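In this note's numbering, the protein residues as written are 218 to 362.
Positions of the beta carbon are idealized from the N, C-alpha and C atoms, including for glycine.
Here the structure is a predicted model, which means the values were calculated and not measured.
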């Protein structure tokens, strides 16, 4: 799966992503970058709406896990089991959600459990960045398959 295929998948499977104008910027086995403009995601103060920020981050996190599962032929449904968001400063411009595996070694256990027909979970961390990489928020998520 490449970035343009992931973009098409997100648009077809997550309708709100189209309204939010999410754009897959890059996709590697270890990182996904998704950006979105401020305008369709702003709050009454003209900054990023907290719910939009969390949604953008969760789409990036889901994309990271889903793309790697797809590459490895793992077809189990994938859902978010838990998440927490911590904002450090308001987002006043285009936002970039950068998703990485919180514990890279957890991937092996995740895939091993799936191969044994068991439920599995994998932690993902997402930074919401603005203005040349300034971190505005962090989202910690746990995905289950």
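Tell me whether residue i sits in a helix, a strand or coil according to DSSP, three-state version.
i: residue 387; result: No statement about residue 387 is possible, as the shown extent of the chain runs from 218 to 362 and does not include it.
i: residue 257; result: helix
i: residue 250; result: strand
i: residue 232; result: helix
i: residue 292; result: coil
For residue i, count neighbouring C-beta atoms within 10 Å of its own C-beta (all shown protein chains included) and say buried if the count is 16 or more, exposed if not.
i: residue 339; result: buried
i: residue 310; result: exposed
i: residue 347; result: buried
i: residue 292; result: exposed
i: residue 283; result: buried
i: residue 341; result: buried
Residue i: which of the options sits nearest, CA to CA?
i: residue 267; options: 222, 306, 226, 332; result: 306
i: residue 241; options: 263, 278, 333, 342; result: 278
In angstroms with no decimal places, state the Cα-to-Cα distance between residue i and residue j.
i: residue 312; j: residue 227; result: 17 angstroms
i: residue 286; j: residue 295; result: 9 angstroms
i: residue 359; j: residue 300; result: 6 angstroms
i: residue 356; j: residue 265; result: 15 angstroms
Excluding five sequence neighbours on each side, which residues of the same chain lie with their C-beta closer than 7 angstroms to the C-beta of residue i?
i: residue 354; result: 270, 302, 303, 304, 305, 345
For the ligand SAH, I want to know if residue i counts as a neighbour, meaning its beta carbon is within less than 7 angstroms of at least one of the ligand's heavy atoms.
i: residue 325; result: Ligands are entirely absent from the displayed structure, and the ligand SAH is therefore not among its contents.
Note down, in chain order, each residue of its chain lying with its Cβ closer than 8 angstroms to the Cβ of residue i, except the 5 sequence neighbours on either side.
i: residue 252; result: 239, 240, 242, 311, 312, 313, 314
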